[in-house]
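Input: a single structure, listed below in structure tokens.
There are 2 protein chains.
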Amino acid sequence: MKGNIYVIAGPSGVGKGTVLKRVFQLDDNLSLSISATTRSPRVGEIDGVNYYFVTRERFDQIVAEDGFLEYAEYVGNRYGTPLKPVLDKAAEGFDVILEIEVQGCMQVMDKLPEAKGIFILPPSIEALEKRLRGRESEPDDVIRKRLDTAKIELGHVNKFDYFVVNDTIENAANQIVNIIKSNR
Amino acid sequence: MKGNIYVIAGPSGVGKGTVLKRVFQLDDNLSLSISATTRSPRVGEIDGVNYYFVTRERFDQIVAEDGFLEYAEYVGNRYGTPLKPVLDKAAEGFDVILEIEVQGCMQVMDKLPEAKGIFILPPSIEALEKRLRGRESEPDDVIRKRLDTAKIELGHVNKFDYFVVNDTIENAANQIVNIIKSNR
């Protein structure tokens, strides 16, 4: 049976990565999509595991073939989500998880309308601010800017299909697993 | 000690009323704000309990005195949330709950910046649609329109302070009670 494709997003600082790590521990029929990038591998990074490391020429070729679900440039390097491995894994029967920035989600949902969107919210703005502040000790105006961005991202919640509050990692992960199981 | 003021909102069909009913059963230090209206009382409705029933002249006078947190006209009648009883109840030590339409919340938060906003989300768009559909058997285009409105309302989530998903009434009510208790 064909698997489903999920786009999982949330504002910066909501704890997506930690929640998803737990989701993958709880459910073993999942496949995390791997991004392609033109940046060089860092020590320990493995091609096809952390990223598909590709040349700029190859990246542009995939763009030309309309082979990315979404892509963007960040500090001089390009990052994209290749469509083919996502479809392949879904065809194999895995439920495929795309962890994508809120902005990129709109592109993905346009190109892949069958994908289901799960949006992770913080329990409160205060909790989100604490998380953004807790990461590093950065100036107040930097934190303020990040919080403003996060609030704009929160406003995109209505483009998603499912809503999960990350009050505790365990609760949020269980809710996501329940959503995934309910669609099998 | 002075009580806090909460604005509780969510998209139409999210089940606000049912959740709040349970919240009031779980916590006895709460006061629900009462709206004023120019419409006539229906059988069984009591002045000062269901609504403050006022004449149009009296309503206009409160408007002129800037005495409403928010007000609107609906099918020829006016409805508003009077500020004074809210402040009085808070001064007595009650936490005051304002159940207000999403649009009205912006007005309230402007006038009463110390009010805390709690936004109730559905677990999914599908669940919301089911609820909107379940109420009455209405034509598809009416349901579609309501769902579109509800989605627009969802987009206002980022103006609120707390986020609660109404997956079950009990969970949602408990989370709201926890938020209220954490601020006491």
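Protein chains in written order, with the working numbering: chain A, 1 to 184; chain B, 185 to 368. Don't be surprised by glycine CBs; every beta carbon is placed ideally from N, CA and C.
- Message: Below 9 Å on C-beta distance, what does V165(A) contact in chain B?
- Response: Start at 1 with the first residue of the first sequence, and residue 165(A) comes out as number 165. Those are L305, F347, V348, V349, Q359, listed as they occur along chain B.
- From A72(A), Y51(A), I46(A), residue whose alpha carbon lies closest to that of D60(A): For the purposes of this step, residue 60(A) is taken as residue 60 along the first sequence, with counting starting at 1. Per the Cα distances, A72(A).
- Item | Residues bridged to R262(B) (per DSSP) | Counting from 1 along the second sequence, the entry for residue 262(B) is found at position 78. Its beta-bridge partners are E257(B).
- Which residues, in chain order, does the stretch 140 to 163 of chain A contribute to contact with chain B at a C-beta distance below 9 Å? A150, K151, I152, E153, L154, G155, H156, V157, N158, K159, F160, D161, Y162, F163
- Task: Enumerate in chain order the residues of its own chain whose CB-to-CB distance from Q175(A) is below 7 Å, with the five nearest sequence positions on each side excluded.
- Result: Along the first sequence, one-based indexing puts residue 175(A) at 175. For Q175(A), where only same-chain residues beyond five positions count, the Cβ hits under 7 Å are V164.
- Query: Under 7 Å Cβ-Cβ, which residues of chain B neighbour I125(A)?
  - Reply: Walking along the first sequence from the start, residue 125(A) turns up at place 125. Residues of chain B passing the Cβ test: D345.
- Message: So, for V341(B): in the same chain, excluding its five sequence neighbours on each side, which residues have a beta-carbon less than 6 Å away from its beta-carbon?
- Response: What you label residue 341(B) is simply residue 157 of the second sequence in a count that begins at 1. For V341(B), where only same-chain residues beyond five positions count, the Cβ hits under 6 Å are F303.
- Bounding residues of the alpha helix (DSSP H) (the contiguous stretch that carries L338(B)): Within the second sequence, numbered from 1, the residue matching residue 338(B) stands at position 154. Start and end: 324 to 338.
- What is the rounded straight-line gap between the Cα of V108(A) and the Cα of G277(B)? Mapped onto the first sequence, residue 108(A) falls at position 108. Mapped onto the second sequence, residue 277(B) falls at position 93. About 50 Å.
- Expressed to the nearest angstrom, what Euclidean distance is found between the alpha-carbon atoms of K159(A) and A150(A)? Here residue 159(A) refers to the residue found at position 159 of the first sequence. Here residue 150(A) refers to the residue found at position 150 of the first sequence. Our two residues, K159(A) and A150(A), have alpha carbons roughly 16 Å apart in a direct line.
- Local conformation of F24(A) per DSSP, three classes: In the first sequence, the residue the question calls residue 24(A) occupies position 24. DSSP places F24(A) in helix when its eight states are reduced to three.
- Extent of the continuous beta strand (DSSP E) run through D279(B): Taking the second sequence and counting its residues from 1, one reaches residue 279(B) at position 95. Per DSSP, D279(B) belongs to the beta strand (DSSP E) from 279 to 283.
- Sort out for me which residues DSSP pairs D47(A) with in a bridge. Position 47 of the first sequence, counting from 1, holds the residue named residue 47(A). Partner(s): Y51(A).
- Message: Can you give me the C-alpha to C-alpha distance between V361(B) and D345(B), rounded to a whole angstrom?
- Response: Position 177 of the second sequence, counting from 1, holds the residue named residue 361(B). Position 161 of the second sequence, counting from 1, holds the residue named residue 345(B). In a straight line, the C-alpha of V361(B) is about 15 Å away from that of D345(B).
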